[in-house]
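What follows is one structure encoded as structure tokens, with my remarks underneath.
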Amino acid sequence: MSQAHVHPTAFPPSPAHAGLLDGSERARNAFSKKLVRAETILLLTNGVITADEAQALLGLGRSQIYALRASASRNGSQATFFDRVPARPSNALPDSLRARAIDLIRDEYPDYGPTLVTEMLRDSHDIRISRETARQWMIQAGIWVPSGADRRKIYRLRNRMLSYGALIQIDGSDHDWFEDRAERCTAMVYIDDATSRIQILRMYRNEDQHAYLETSLEYICRYGRPIRMQTDKHAAVFSQDGPTIWGKALTELTISHSPANSPQSKGRVERTHRTLQDRLVKAFRREGISSIDAANAYLPAFVAAYNDQFSKEARSAEDVHREVPEHIDLDRTFSSKCKRKLGRQPEFSINNAKFVVEANKRNIGLSGKKIHVEFTLENKMRIFGPDGELRYYAVDV
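For what it's worth, my numbering labels the leading residue of the sequence shown as 510, then goes sequentially.
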């Protein structure tokens, strides 16, 4: 799929960095991480994302994020590309503690004030933090609304997003879409929050990892990179044990993931589900559609008519989608990845099959070294060493 040409990236690589794009795999990875960091801090400085979202994208502590933002304000946004990441303060509270506290407050104490929350966390969960720490965490998570001007600011965030591409709500709807003519299946739905436009609508047998990866890749190829994507905590996209393949792809693309804690927090896509379960089911019946393939062939026409009737004008005319940076290979970004150690030939095994890396000047000395094995969404296997992609061939086991 071709990449979208929409709103330009907020932080394009300068000519001085262009040489890195043709270098080794290690240099490209380093460049990509620096670019994600610089673009994230620029989005934070301009008020497009929050400090919490910047922390999640970069995996840094709050004080480190603020130090990088201060450097960008003093020295210009591109200075962040060269900055070293500030050291985390020795007395900083662990991110895992903050995440656990926020989850407890949301689940058990959503209507408690900071003082009472501090007492409950201490007495019932052995989490000891100050009242001000609890207050700041609750404000940042949108649980506690301070008085005065801050109250008005936080409430405004609950309205539609200002711009097209600022927030995309994603969800799968398992339903009897074909009534009794075929088995249940899932509609993957992508809604732009600012306009209520359906951006992606596609049928799948199940709401699974492949459905999320394929539709997200389609979205980015068609429209570019939105600022943030919101989902529920489905196992395909969210895990307490670390980032999923989908989550890693979003981080590489500097797209913030905003997990919803309730159906109400992603109300626009939930309301769209109800409308589709009424109108789309009847449309399939009228058209005699009873298979996923036939449904997906029909859906573009349905979506166009739906958007003409139900979409709204965004409050801002700006399209905040960003182009995909030239150094990013989207097929790799959305691939599943693992590592293998090469044998003496040099060979490796995966999925009960054996492969040998073709010999050339670039892979001399690879025996015994680790390589990256990647499977694209089309299930094509690609392998990469320190200096880039390697050719291989299959051998009998």
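Note that beta-carbon positions come from the ideal geometry of N, C-alpha and C, so glycine has one too.
Owing to the predicted nature of the structure, the values given are computational and were not obtained by experimental measurement.
Where do the ends of the alpha helix (DSSP H) carrying residue i lie?
i, result
"D787", "G776 to E796"
"A813", "I801 to F819"
"S845", "From DSSP, S845 is part of no alpha helix (DSSP H) but of the beta strand (DSSP E) over S845 to K850."
"D623", "Strictly speaking, residue 623 in this sequence is Pro, with Asp absent from that position. Taken as a continuous stretch (DSSP letters only), the alpha helix (DSSP H) holding P623 covers P623 to H634."
"T605", "Reading off the sequence, residue 605 comes out as Ser, not Thr. Residues D604 to E617."
"D561", "A560 to L567"
Would residue i count as contacting chain D if we go by Cβ distances under 7 Å?
i, result
"K757", "Among the chains of the structure shown, chain D does not appear; only one protein chain is present."
Specify, as a first and last residue, the run of the beta strand (DSSP E) that residue i falls within.
i, result
"I707", "I707 to Y713"
"G681", "I677 to H684"
"H836", "It is not in any beta strand (DSSP E) - H836 carries neither H nor E in the DSSP assignment."
"R900", "That residue, R900, is in no beta strand (DSSP E); it is neither H nor E in DSSP."
"R891", "M890 to G894"
"T642", "That residue, T642, is in no beta strand (DSSP E); its alpha helix (DSSP H) goes R640 to Q649."
"M697", "C694 to D701"
"K879", "K879 to F884"
"K870", "Careful: K870 lies outside any beta strand (DSSP E) and carries neither H nor E."
"S765", "S765 to P768"
"S858", "E856 to I859"
"V865", "A862 to V866"
For my contact list, residue i and residue j are in at a C-beta cut-off of 8 Å; report their separation, rounded to the angstrom.
i, j, result
"R571", "T554", "Going by Cβ atoms, the distance from R571 to T554 rounds to 15 Å, so no, they are not a contact pair."
"L671", "S541", "Wrong, their Cβ atoms sit about 29 Å apart, outside the cutoff."
"T724", "R711", "6 Å"
"L899", "I880", "7 Å"
"G776", "P735", "In fact, because the Cβ distance is near 18 Å, the residues do not count as touching under 8 Å."
"R615", "N770", "6 Å"
"L630", "L613", "7 Å"
"W686", "L851", "Actually they are not in contact, since the Cβ atoms of W686 and L851 sit about 47 Å apart, beyond 8 Å."
"D561", "Q649", "5 Å"
"L839", "I729", "7 Å"
"F843", "A758", "5 Å"
"V778", "Q854", "Not a contact, Cβ separation roughly 51 Å."
Pick out whichever of the options has its Cα sitting closest to the Cα of residue i.
i, options, result
"E727", "M697, P752, T753 and N715", "M697"
"L485", "I859, D896, Q649 and I736", "Within the shown structure, residues of the chain are numbered from 510 to 906, placing residue 485 beyond reach of any answer."
"S767", "G756, E761 and R777", "G756"
"H684", "R693, I550 and E628", "R693"
"T760", "R546, A745 and E534", "R546"
"Y699", "E716, S580 and D680", "D680"
"L886", "H719, R609, D828 and G733", "H719"
"N816", "D701, I638 and M647", "D701"
"A691", "I611, P809, I729 and R714", "R714"
"T642", "Q854, E827, I611 and D620", "I611"
"L602", "G894, I636, V865 and L544", "I636"
"D828", "R609, L676, K870 and E534", "L676"
"A608", "S748, D632, A813 and G894", "S748"
"F893", "N860, N861, R841 and K870", "R841"
Leaving out five residues before and five after residue i in sequence, what residues of the same chain have Cβ atoms less than 7 Å from its Cβ?
i, result
"Y807", "E796 and I798"
"A792", "F811"
"R794", "E688"
"V746", "Y721, T740, T753, W755 and G756"
"Y618", "V626 and M629"
"A525", "Its pLDDT being 44, under 50, A525 is placed unreliably by the model, and nothing is read from it."
"S800", "A691"
Is residue i near the ligand MG, with its Cβ less than 6 Å from a heavy atom?
i, result
"E723", "Looking for the ligand MG in the displayed structure turns up nothing, as the structure carries no ligands at all."
Give every residue of the same chain whose Cβ lies closer than 8 Å to the Cβ of residue i, excluding the five residues on either side of it in the sequence, and list them in chain order.
i, result
"R665", "A caution first: R665 carries a pLDDT of 36, below 50, which makes its placement in the model too unreliable to give a value."
"K863", "E856, F857, A903, V904, D905 and V906"
"E867", "L899, R900, Y901 and Y902"
"Q564", "G570, R571, I574 and D604"
"T549", "I558, A563, L566, L567 and T763"
"F819", "S705 and T784"
"K848", "K879, I880, H881 and V882"
"G622", "W653"
"D802", "none"
"E822", "T704"
Near residue i, what residues of its chain come up, given a Cβ to Cβ distance below 6 Å and the 5 sequence neighbours on each side ignored?
i, result
"A658", "In this prediction, A658 has a pLDDT of 39, which is less than 50 and means its spatial position is unreliable; what the coordinates show is noted afterwards. Excluding sequence neighbours, A658 sits near nothing in its chain."
"N888", "none"
"I754", "S845"
"Q786", "H684"
"M890", "F884"
"E716", "G681 and T695"
"H782", "S682"
"K742", "P768"
"R667", "The predicted position of R667 is uncertain, since its pLDDT is 45 and thus under 50; no value can be drawn from it."
"A804", "M712 and I798"
- Length-filtered (4 minimum) alpha helix (DSSP H) runs lying within the segment 717-756: 718-732
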